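Trainee: Mind looking over this structure? Questions follow.
There are 2 protein chains.
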Amino acid sequence: MTGRQGHQRRYYLSDIPLEEARDRFHTALRQAGALEPRTAENVPLAQARGRVTAGPVWAVASSPHYDAAAMDGIAVRAADTTGATETAPVSLTVGGTAIGTAIGTVSDAETSNAAAGGGEPQAVWVNTGDPMPAGLDAVIMIENLHQVGDDHVSIMAPVAPWQHVRPLGEDIVATELVLPENHRLAAADLGACAAAGLSRVPVRRRPRVTIIPTGNELVPVGSELKPGDIIEFNSLMLSGLLEEWGAAPSVTPPVPDVFTAIRDAAIAALDSSDLVVINAGSSAGSEDYTALVVEELGQLLVHGVAIRPGHPVVLGVARDKPLVGIPGYPVSAMLTAELLLKPLIEQWLGQAGSSRRPVVHANITRKVVSPTGEDEFLRVKLGRVGEKMVATPVQRGAGVIMSLVRADGMVRIPRFSEGLDAGSDVDVELLRPLSEVENTVVAIGSHDLTLDLMSSFLRRLPAGLSPPSVNLSSSHVGSLGGLIALRRGEAHLAGSHLLDEDTGEYNVSYIRRYLGDVPVALVNLVGRVQGLIVRPGNPMGIAALSDLLRRDISFVNRQRGSGTRVLLDYKLKELGASPQELRGYEREEYSHLAVAAAVNGGSADVGLGILSAARALGLDFIPLLNEQYDLVIPLVHYESDLLRPLLDLLANPEFRKAVNDLGGYDTTNMGRLQEKIG
Amino acid sequence: MTGRQGHQRRYYLSDIPLEEARDRFHTALRQAGALEPRTAENVPLAQARGRVTAGPVWAVASSPHYDAAAMDGIAVRAADTTGATETAPVSLTVGGTAIGTAIGTVSDAETSNAAAGGGEPQAVWVNTGDPMPAGLDAVIMIENLHQVGDDHVSIMAPVAPWQHVRPLGEDIVATELVLPENHRLAAADLGACAAAGLSRVPVRRRPRVTIIPTGNELVPVGSELKPGDIIEFNSLMLSGLLEEWGAAPSVTPPVPDVFTAIRDAAIAALDSSDLVVINAGSSAGSEDYTALVVEELGQLLVHGVAIRPGHPVVLGVARDKPLVGIPGYPVSAMLTAELLLKPLIEQWLGQAGSSRRPVVHANITRKVVSPTGEDEFLRVKLGRVGEKMVATPVQRGAGVIMSLVRADGMVRIPRFSEGLDAGSDVDVELLRPLSEVENTVVAIGSHDLTLDLMSSFLRRLPAGLSPPSVNLSSSHVGSLGGLIALRRGEAHLAGSHLLDEDTGEYNVSYIRRYLGDVPVALVNLVGRVQGLIVRPGNPMGIAALSDLLRRDISFVNRQRGSGTRVLLDYKLKELGASPQELRGYEREEYSHLAVAAAVNGGSADVGLGILSAARALGLDFIPLLNEQYDLVIPLVHYESDLLRPLLDLLANPEFRKAVNDLGGYDTTNMGRLQEKIG
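Chains as they are written, first to last, in our numbering: chain A, 2 to 679; chain B, 2 to 679.
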């Protein structure tokens with residue numbers, strides 16, 4: 002071994018199963034005394050919401066703290082009312098002084114008409130909440146007083162003792178348990194503490210977590226970018242999660258990939274933290290120093306966990322505190338934080354295991370191959386299609402942060418398994434409330450930029466207290482994939498632009514072939530222009546599809562099953578050319594924008610796609626033909642309430658204008674029911 | 002009508018159904034233009050978590066923003082690897098300069114060993130994340146390199162173009178939709194925005210809500226209390242809720258019950274708020290000015306809503322803004338805020354209807370009589386007992402703030418209904434996560450202070466990453482009520498201390514009589530001392546039970562079916578006395594502490610109860626007898642995992658010590674299985 006490789010292979014990752022890794026980690030932390038719940042701090046009630054009680058909370062006062070009138074009316078001695086009936090009302094002398102004295106209100110002077118002179122009155126005017134005058138034990142509501150004079154009232158029914166009186170301690174008795182230990186404080190709990198005479202409450206100190214971003218290539222959020230720059234946003238996401246879990250995160254400035262610099266940053270952080278997280282450098286490359294730092298400062302317990310994404314994880318204990326390295330890819334960072342850091346925070350807050358997510362059963366829409374030996378955590382989109390809950394995997398790359406944005410749930414594929422068959426039952430941990438999932442329109446099929454616009458418009462509510470807005474979840478698997486998803490009952494609708502070479506008609510023959518007896522409505526979304534996407538100024542001088550056969554031209558293709566790929570193959574056949582003649586035919590992208598991005602980045606000279614994608618990135622465009630892009634919607638969904646807002650949107654002039662502004666779209670037939678098939 | 006009553010009846014509440022009230026309110030607000038989502042403010046990503054996007058968020062950069070190596074290894078031209086096999090490896094010249102130039106790392110100088118001279122190398126060393134050198138289109142992982150020299154490597158398999166390369170825009174393409182409008186930002190969303198080149202994000206301004214507490218009797222949280230004082234904690238709870246919903250609440254100093262003062266406070270608040278809430282004074286009493294203020298400043302839309310608790314509600318529009326009065330009882334205040342204010346906040350944040358709570362089906366354990374004409378919102382405790390989800394109503398008083406603390410869910414009893422039969426099916430809106438409910442031990446039966454201690458100890462976890470802690474939900478319905486709940490399958494256990502007059506034995510004969518063929522374990526919890534609770538110094542000179550028959554003594558009783566009531570009746574019978582001879586026999590309290598509180602407050606001279614309750618409030622105690630307090634546990638639960646932590650706790654020395662410290666308890670037999678019955 003020489004040179005660079007010598008450095009790169011200093012460490013070997015030895016992936017161990019998640020449960021074993023956790024176990025090693027927790028055992029060592031327990032031995033170091035680092036798993037105890039955090040100590041108490043007394044915070045004012047107004048700052049305590051969301052915090053966790055550090056001990057039982059006992060009442061220091063009763064509530065009410067005196068016997069209180071529970072109604073507006075008169076306080077009486079129940080014994081004085083015995084025998085009152087409609088035919089023989091009982092008259093009581095009434096006064097008001099007792100209230101004025103007891104509660105000293107501003108307005109009593111004007112409103113109270115105490116019985117003048119003549120000894121103690123039998124009854125006393127009271128408002129709700131007033132203390133019961135001494136010797137009186139019941140309240141009669143003002144509505145039940147028969148005749149009212151300046152100094153007497155009459156009643157027509159007897160009352161029982163303690164009627165309409167809130168006895169002292171009805172709600173809380175001093176010394177009573179108000180809240181148990183390790184209870185997360187909700188708004189009502191704060192009221193109960195206040196009612197129980199408290200102004201502060203002992204809560205667990207927030208665990209302090211220091212995140213140390215490392216890497217020479219890191220630049221701050223919002224920087225001007227040059228190739229190789231990595232925007233340092235992992236700390237932003239990790240801080241967000243940690244705050245959500247109840248910790249107090251702080252982030253150091255980025256540290257370069259230098260062993261001593263990382264070590265010194267870790268030492269400083271250990272002093273002031275309950276947990277130190279070094280982000281990136283946890284693998285075994287030449288610039289991966291985390292494991293070395295942990296080994297130098299303490300005990301390296303785990304280097305590598307058999308999970309996907311996220312396997313290059315470093316777990317250690319240093320100075321009796323957890324010192325952890327998590328991977329740099331954002332999805333890996335988020336997942337390992339959730340699997341390995343969240344349990345610590347929960348434990349420290351006395352909340353171990355309390356935040357398990359709800360689980361739903363679903364059918365997975367696609368075959369998923371997963372390597373044995375690793376637990377895979379698959380992100381999925383969810384939706385209820387008819388009676389069926391369906392889960393569609395999103396992109397699996399550890400660097401695809403949008404997979405976390407798009408995911409509604411997570412499926413764990415155990416390490417003993419080779420994956421999932423299409424249609425198989427899975428348990429899905431919910432990342433969003435079920436109600437949101439139930440309110441989601443599932444679109445699987447061809448990609449078009451108007452679907453993004455549609456998604457955003459559907460989240461915009463008319464002013465008024467509307468039904469919840471609809472979520473549109475669209476997965477881009479190409480037109481054919483969409484029709485297959487519809488047949489399987491996995492989607493509410495599919496975008497499709499499949500040209501029948503023989504008839505020149507769009508979609509109809511494909512629907513008959515692939516959907517068999519599922520009755521569908523075929524609704525036009527847009528007409529759009531397909532053409533060649535090239536760099537500004539068309540530097541390679543591309544004029545027609547035949548130029549794609551030139552040896553100096555590199556092409557970027559769309560995936561099999563996409564309408565655009567069908568179109569390309571059709572056009573090549575017309576030219577009498579074979580796919581192998583195109584340089585780059587085998588390079589597949591999954592959306593028009595991805596094709597445009599490849600051209601824009603220079604790794605391809607040309608791609609076939611729609612005008613709006615070219616225009617979005619400021620590229621040039623050579624139009625080839627107009628095509629029809631439709632929504633294929635099974636009738637049962639077409640007529641459902643769920644899809645109503647989406648279908649209504651197609652008639653919305655604001656939406657049509659926004660689509661036209663994208664360029665290359667014809668919205669003349671938008672929303673028109675082409676035909677019902679099947 | 003004269004004097005005080007003239008003031009009190011200025012207004013009449015005309016209760017209208019909830020939906021109609023909301024409708025009037027929202028129609029008027031829509032006309033005033035006050036229902037539009039709030040405007041946007043641009044906040045840095047680090048402050049945006051939990052906020053709601055005020056428009057669609059589009060990417061301004063692609064991610065990755067260049068073609069990037071996805072592995073540590075060498076970048077190659079795929080074409081150069083064609084034909085490589087194990088028997089005929091291909092050798093490639095390799096250099097490292099390209100990396101050094103592109104990413105300028107600190108350590109490259111020492112680790113890169115560029116091929117010296119001799120033209121462009123065929124391959125270039127790359128680390129994960131490095132930009133792909135110009136002209137190269139694939140990466141070979143370092144693990145797959147066969148022979149590595151200073152200036153060449155050899156490989157034994159060809160690679161496809163774009164292998165282990167993350168193409169520009171793989172995750173996000175500039176101009177793509179990152180997040181739709183009205184999306185609540187989670188931690189991962191912030192990362193996606195940063196990856197898309199943004200440093201700030203437009204979010205909806207938090208709706209400003211001003212709460213005006215009114216009332217002469219209000220004192221601040223934590224005050225020394227005198228009779229008639231009301232601790233002003235509604236604003237604390239309401240602020241908590243409003244923050245939770247995403248609003249920015251502020252609270253004015255309390256305003257006295259003076260029309261002009263309240264009016265002026267409302268005028269000032271309307272200027273600076275989206276919503277003004279006057280708390281209390283919303284009814285129709287002499288000091289209830291809210292409706293008058295609304296009428297003076299704008300339009301009074303609703304005065305009185307047919308809901309329970311919470312009917313005295315004032316809804317109005319003033320200066321094109323909602324001006325609302327909500328009731329003073331804390332439970333009413335919280336409920337009306339939820340029903341009437343939350344929809345406004347959600348609407349303003351573009352989240353209308355998005356926070357519907359999950360609903361579970363349950364069996365109600367008790368008959369509930371509810372007045373027709375009002376929608377009642379009943380708070381219940383929940384638990385899963387065997388296969389059955391059971392819902393036990395908690396106290397219904399609008400002033401009982403602990404009912405909100407204890408409740409796990411809410412049942413709506415429609416205004417057309419007269420209530421619920423015991424055992425009937427109800428839909429329960431969950432106030433806590435279902436996982437917490439599933440993890441709850443349901444105790445229904447006699448009250449003892451050790452149950453409170455038990456609840457708190459069960460929330461305390463051993464250090465270690467434990468299973469979630471167990472919640473103990475105990476409802477106090479007396480010993481007999483507990484046995485009946487067990488028979489109906491509505492509880493996991495019942496506390497019981499029922500003395501058989503004939504045998505002198507506790508519980509056994511009652512279990513045989515009431516539980517029939519349900520096999521149970523009878524486990525001792527404590528021995529305890531019952532006696533007479535009197536004020537300090539025993540001012541009435543009470544010495545024995547027979548003193549309770551004195552005419553100068555007032556007694557406070559426990560409810561029918563409680564073991565203590567059974568004991569009293571038994572003792573009275575021994576004395577040859579009839580219950581009617583006791584002054585206060587008909588005054589029933591539901592716990593030992595409530596009895597002690599009545600004595601402490603002076604409204605009764607004496608009660609029968611346990612030593613710990615007397616001691617808790619510093620009262621004197623005249624011991625009468627030792628009794629046995631057991632837990633009755635159906636065998637099926639006795640042997641379940643759910644109850645294991647509770648049964649283990651009975652052997653915990655720390656717990657026993659805490660019980661002994663309460664006073665009057667004998668823990669010798671704690672946890673001992675007395676016998677199995679049935």
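Ideal placement from N, C-alpha and C gives every residue a C-beta, glycine not left out.
Bear in mind the structure is a predicted one, so any value in this text is a computation, not a measurement.
Per the contact definition of three or more C-beta pairs closer than 8 angstroms, is the region 595–609 of chain A in contact with the region 545–564 of chain A?
Mentor: yes
Trainee: Hey, A:Ala193 and B:Ile327: beta-carbon distance below 7 angstroms or not?
Mentor: no
Trainee: Helix or strand or just coil, what does DSSP make of B:Gln164?
Mentor: coil
Trainee: Can you tell me whether B:Val144 is helix, strand or coil according to DSSP?
Mentor: Note that residue 144 of chain B is Glu in the sequence shown, not Val. In this structure, B:Glu144 counts as helix in the three-state DSSP scheme.
Trainee: Would a C-beta distance cut-off of 7 angstroms place B:Gly311 and B:Ser284 closer than the cut-off?
Mentor: With a cutoff of 7 angstroms on beta-carbon distance, B:Gly311 and B:Ser284 are scored as not near each other.
Trainee: Figure out for me which residue from A:Thr82, A:Gly496 and A:Met541 has the closest Cα to the Cα of A:Ala522.
Mentor: A:Gly496
Trainee: When you compare the CB positions of A:Ser563 and A:Leu450, do they come within less than 7 angstroms of one another, or not?
Mentor: no
Trainee: If you measure from the beta carbon of B:Val660 to each beta carbon in chain A, is any gap under 7 angstroms?
Mentor: no
Trainee: Does the separation of the CB atoms of A:Gln123 and A:Leu93 fall below 7 angstroms?
Mentor: yes
Trainee: Would a C-beta distance cut-off of 7 angstroms place A:Tyr630 and A:Val567 closer than the cut-off?
Mentor: Not in contact: A:Tyr630 and A:Val567 (Cβ atoms no closer than 7 angstroms).
Trainee: Any residues in the region 421–436 of chain B with a beta carbon nearer than 7 angstroms to a beta carbon of chain A? Which ones, in chain order?
Mentor: Leu435 and Ser436
Trainee: Just the chain A side, please: which residues come within less than 8 angstroms of B:Ile402 by C-beta, in chain order?
Mentor: Ser64, Asp172, Ile173, Ala189, Gly192, Ala193 and Ala196
Trainee: B:Glu245: which of A:Ala188, A:Leu242, A:Pro203 and A:Leu46 sits nearest, CA to CA?
Mentor: A:Ala188
Trainee: Is B:Val204 close to chain A? Criterion is C-beta to C-beta, closer than 7 angstroms.
Mentor: no
Trainee: If contact is defined by three or more beta carbon pairs under 8 angstroms, each pair taking one atom from either stretch, is the region 337–348 of chain A in contact with the region 362–375 of chain A?
Mentor: no
Trainee: Please decide whether B:Ile327 counts as near chain A, where near means a Cβ-Cβ distance under 7 angstroms.
Mentor: Answer no: the Cβ-Cβ gap between B:Ile327 and chain A never drops below 7 angstroms.
Trainee: Any idea which residues DSSP pairs A:Asn43 with across the strands?
Mentor: A:Pro203
Trainee: To the nearest angstrom, how far is the alpha carbon of B:Glu339 from that of B:Glu587?
Mentor: 38 angstroms
Trainee: Can you give me the C-alpha to C-alpha distance between A:Asp409 and A:Lys382, rounded to a whole angstrom?
Mentor: 5 angstroms
Trainee: My assumption, with CB atoms under 8 angstroms, is that B:Thr86 sits in contact with B:Met157. Please give the rounded CB distance.
Mentor: 6 angstroms
Trainee: Can B:Leu625 and B:Gln531 be called in contact, C-beta distance under 7 angstroms?
Mentor: yes
Trainee: When you compare the CB of B:Tyr689 with every CB in chain A, is at least one pair closer than 7 angstroms?
Mentor: Only positions 2 to 679 of chain B appear in this structure, which leaves residue 689 of chain B out of reach.
Trainee: Please compile the residues from chain A whose C-beta is within a distance smaller than 7 angstroms of the C-beta of B:Met1.
Mentor: What is shown of chain B runs 2 to 679, which leaves residue 1 of chain B out entirely.
Trainee: Less than 8 angstroms between the CB atoms is what I'm expecting for A:Leu459 and A:Leu650, so what's the real figure, rounded?
Mentor: 7 angstroms
Trainee: Taking the continuous alpha helix (DSSP H) assigned at A:Ser480, which residues delimit it?
Mentor: Gly479 to Arg488
Trainee: Indicate the three-state DSSP secondary structure (helix, strand or coil) for A:Lys574 in the structure shown.
Mentor: helix
Trainee: Please tell me whether B:Asp68 has its Cβ less than 7 angstroms away from any Cβ of chain A.
Mentor: yes
Trainee: Is it buried or exposed, B:Val478, if we count other Cβ atoms within 10 angstroms and call 16 or more buried?
Mentor: buried
Trainee: Comparing the C-beta of A:Thr682 with each C-beta of chain B, is any distance below 7 angstroms?
Mentor: Nothing about residue 682 of chain A can be read from this structure; chain A reaches only from 2 to 679.
Trainee: Are the beta-carbon atoms belonging to A:Val295 and A:Leu341 less than 7 angstroms from one another?
Mentor: no
Trainee: What residues from the region 206–231 of chain A come within 9 angstroms of chain B, judged by C-beta to C-beta, listed N to C?
Mentor: Gly216, Asn217, Glu218, Pro221, Val222, Gly223, Ser224, Leu226, Lys227, Pro228, Gly229, Asp230 and Ile231
Trainee: Could you name the residues of chain C that B:Ala392 contacts, counting a contact when the two beta carbons are closer than 8 angstroms?
Mentor: Absent from the structure: chain C. Protein chains present are A and B.
Trainee: B:Gly130 and B:Ala196: beta carbons closer than 7 angstroms?
Mentor: no
Trainee: How big is the Cα-Cα spacing for A:Ile212 and A:Glu37?
Mentor: 21 angstroms
Trainee: How would you label B:Asn440, buried or exposed, when you count the other beta carbons within 10 angstroms and need 16 or more for buried?
Mentor: buried
Trainee: Between which two residues does the alpha helix (DSSP H) carrying B:Gly241 extend?
Mentor: In the DSSP assignment, B:Gly241 falls within the alpha helix (DSSP H) that extends over Asn235 to Trp246.
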